[in-house]
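Novice: Protein chains in written order, with the numbering used here: chain A, 86 to 234; chain B, 86 to 234. We put the CB at the ideal spot given by N, CA and C, even for glycine. Here the structure is a predicted model, which means the values were calculated and not measured. The structure that follows is given in the form of structure tokens.
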DNA sequence: GCATATAGTTAAGCCTGCTTAACTAAAAAG
DNA sequence: CTTTTTAGTTAAGCAGGCTTAACTATATGC
């Protein structure tokens, strides 16, 4: 029997463990690649949501259009993104990850995931079944919550 | 039956969902409080690991001693940390969260946790039991992994 | 077709974060 | 007791990120 408060504590503990581990890894990766955090965040956004315009960047990160434009410019200079004209609206630009940028983000994700694989290899078959079922429940609950908000 | 690769995928999916949600919340909180990311990271470190010296900051965040000292100075100016002489070594300083800094971090954590509580409230008793047991397994596996590294 | 709104760029100016180098003060080593 | 190491501060200088304001170019509304 696991009541609501008890389960909250368990999840919080897991969150702390997991966040700490994950953040340490990411910040190391960002530092090692010589990017700044804002630059990195944009690459992540492009990786997960695909190509977008400058305005979407400034909306998403709550900065001015000018800031987003300058940030994009630096990423273009570093060869991490490509900036093209939007064929449907010649005022707009489309930015997307270059192959270099893609590699950089994917290698970071891969390293984060490697930890997960090690975690999994420490579980036996029965534990894996339980954990799998539970995380599906959580992921679904999170998706449902996202919708209602 | 959940095999290793399948479980890895499930955890990755949960990680993505959870990280995305959590990062969005934190970056909003940091922006709202007017802190910079490095300042925020130091406050988090102080919250989770307690008081420490300047050198521990520079080690942890891989910056020079000078940078850590300047960062600490700004946090003292903002009233977010307190800096005192280490009674055991008068060369060293001890920095720790002020009550203002503590409140700021705790309110951020509280907001993150609120999401967890909502998540939990979407689960029934049986699901809660399953999820609780599974996350304990994962947290323990993570702790074991941490030790061996 | 002309006025207005929208997408993005550029420049000036400020603040933060970082580095190196020079410094003070205290502890540890000999 | 002197030398060396360790902890931290300060100053100069650079780069990044941000803002506002002025600007260009395209799209939209009437």
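What are the boundary residues of the alpha helix (DSSP H) that includes residue 94 of chain B?
Specialist: The sequence position of residue 94 of chain B within the second chain is 9, counting from 1. Unbroken alpha helix (DSSP H) run through residue 94 of chain B: 89-118.
Novice: Can you pull the chain B residues whose beta carbon is under 7 Å from the beta carbon of residue 118 of chain A, in chain order?
Specialist: Sequence index remark: in the first chain, residue 118 of chain A carries index 33 (1-based). Going along chain B, no residue has its Cβ under 7 Å from residue 118 of chain A, so there is no contact; the nearest lies around 13 Å.
Novice: Among A:232, A:187 and A:233, which has the Cα closest to the Cα of residue 135 of chain A?
Specialist: Residue 135 of chain A sits at position 50 when you count from the first residue of the first chain. Residue 135 of chain A has its Cα closest to that of A:187, out of A:232, A:187 and A:233.
Novice: Looking at the structure shown, is residue 147 of chain A part of a helix, part of a strand, or coil, going by DSSP?
Specialist: Within the first chain, the letter at position 62 stands for residue 147 of chain A. Coil, per DSSP.
Novice: Out of curiosity, what's the CA-to-CA distance linking residue 223 of chain B and residue 200 of chain A?
Specialist: Here residue 223 of chain B is taken as the residue at index 138 of the second chain, counted from 1. Here residue 200 of chain A is taken as the residue at index 115 of the first chain, counted from 1. So the two alpha carbons sit approximately 12 Å from each other.
Novice: Whole angstroms is fine: what's the gap from residue 91 of chain A's alpha carbon to residue 207 of chain A's?
Specialist: The residue labelled residue 91 of chain A in the question sits at position 6 within the first chain. The residue labelled residue 207 of chain A in the question sits at position 122 within the first chain. Those two C-alpha atoms are separated by around 25 Å.
Novice: Give me the Cα-Cα distance between residue 160 of chain B and residue 218 of chain A, rounded to the nearest whole angstrom.
Specialist: For this step, residue 160 of chain B is matched to residue 75 along the second chain. For this step, residue 218 of chain A is matched to residue 133 along the first chain. Going from the Cα of residue 160 of chain B to the Cα of residue 218 of chain A covers about 44 Å.
Novice: Any C-beta of chain B within less than 8 Å: which residues of the region 194-221 of chain A qualify?
Specialist: Listed by position along the chain: 197, 198, 200, 201, 202, 203, 204, 205, 206, 207, 208, 210, 212, 213, 214, 215, 216, 217, 218, 219, 220 and 221.
Novice: Residue 96 of chain B: which of B:115, B:232 and B:227 sits nearest, CA to CA?
Specialist: Residue numbering aside, residue 96 of chain B sits at position 11 when the second chain is read from its first letter. The shortest Cα separation from residue 96 of chain B among B:115, B:232 and B:227 belongs to B:227.
Novice: Can you list, in chain order, the residues of its chain with a C-beta nearer than 8 Å to that of residue 167 of chain A? Leave out the 5 residues immediately preceding and following it.
Specialist: For this step, residue 167 of chain A is matched to residue 82 along the first chain. Correct list, in chain order: 161, 180, 181, 182 and 183.
Novice: From which residue to which residue does the alpha helix (DSSP H) around residue 222 of chain B run?
Specialist: Taking the second chain and counting its residues from 1, the one referred to as residue 222 of chain B is at position 137. Per DSSP, residue 222 of chain B belongs to the alpha helix (DSSP H) from 210-233.
Novice: Which residue comes first and which comes last in the alpha helix (DSSP H) that contains residue 204 of chain A?
Specialist: Mapped onto the first chain, residue 204 of chain A falls at position 119. Counting along the chain, the alpha helix (DSSP H) containing residue 204 of chain A begins and ends at 184-206.
Novice: Nearest CA to the CA of residue 229 of chain A: which residue from B:88, B:102 and B:93?
Specialist: Sequence index remark: in the first chain, residue 229 of chain A carries index 144 (1-based). Cα-wise, what sits closest to residue 229 of chain A is B:102.
Novice: Starting from residue 172 of chain B and walking both ways along the alpha helix (DSSP H), at which residues does that stretch end?
Specialist: Taking the second chain and counting its residues from 1, the one referred to as residue 172 of chain B is at position 87. That residue, residue 172 of chain B, is in no alpha helix (DSSP H); it is neither H nor E in DSSP.
Novice: Along chain B, which residues have their Cβ under 7 Å away from the Cβ of residue 177 of chain A?
Specialist: For the purposes of this step, residue 177 of chain A is taken as residue 92 along the first chain, with counting starting at 1. Those within 7 Å of residue 177 of chain A in chain B number zero; the least Cβ separation is about 25 Å.
Novice: Quick one: grab the DSSP three-state call for residue 176 of chain B.
Specialist: Counted from its first residue, the second chain places residue 176 of chain B at position 91. Correct three-state label for residue 176 of chain B: coil.
Novice: Would you kindly report the start and end of the unbroken alpha helix (DSSP H) that includes residue 126 of chain A?
Specialist: As a working mapping, residue 126 of chain A is identified with position 41 in the first chain. First-last of the alpha helix (DSSP H) with residue 126 of chain A: 122-134.
Novice: Below 8 Å on C-beta distance, what does residue 93 of chain A contact in chain B?
Specialist: What you label residue 93 of chain A is simply residue 8 of the first chain in a count that begins at 1. Near residue 93 of chain A (Cβ distances below 8 Å), the residues of chain B are 198, 201, 202 and 205.
Novice: State yes or no: is the beta carbon of residue 189 of chain B nearer than 8 Å to at least one beta carbon in chain A?
Specialist: Position 104 of the second chain, counting from 1, holds the residue named residue 189 of chain B. False, the Cβ-Cβ gap to chain A never drops below 8 Å.
Novice: Do we get a CB-CB distance below 8 Å when we pair residue 168 of chain A with the residues of chain B?
Specialist: For the purposes of this step, residue 168 of chain A is identified with residue 83 of the first chain, where counting begins at 1. False, the Cβ-Cβ gap to chain B never drops below 8 Å.
Novice: Using a C-beta to C-beta distance shorter than 7 Å, which residues of chain A count as neighbours of residue 226 of chain B?
Specialist: Here residue 226 of chain B is taken as the residue at index 141 of the second chain, counted from 1. Correct list: 204, 207 and 208.
Novice: Could you check if residue 212 of chain A is buried or exposed, using at least 16 other CB atoms within 10 Å of its CB as the buried criterion?
Specialist: For this step, residue 212 of chain A is matched to residue 127 along the first chain. The residue is buried, with at least 16 neighbouring Cβ atoms inside 10 Å.
Novice: Can you name the residues of chain A whose CB is closer than 8 Å to the CB of residue 98 of chain B?
Specialist: Looking up residue 98 of chain B in the second chain gives position 13. Correct list: 220 and 224.
Novice: Indicate whether at least one CB of chain A lies closer than 8 Å to the CB of residue 147 of chain B.
Specialist: Your numbering for residue 147 of chain B matches position 62 in the second chain. By this cut-off, residue 147 of chain B is an interface position.
Novice: Across which residues does DSSP place residue 167 of chain A in a beta bridge pair?
Specialist: The residue you call residue 167 of chain A lines up with position 82 of the first chain. BP columns for residue 167 of chain A point to A:181.
Novice: For residue 107 of chain A, go through chain B and note every residue whose CB falls closer than 7 Å to its CB, in chain order.
Specialist: Mapped onto the first chain, residue 107 of chain A falls at position 22. In chain order: 104.
Novice: Hey, out of B:137, B:176 and B:175, whose CA is closest to residue 157 of chain B's CA?
Specialist: If you number the second chain from 1, residue 157 of chain B lands on position 72. Of the listed residues, the one whose Cα sits closest to residue 157 of chain B is B:137.
Novice: Which residues of the region 118-141 of chain B have a Cβ closer than 8 Å to any Cβ of chain A? Give them in chain order.
Specialist: Residues 122, 126 and 133.
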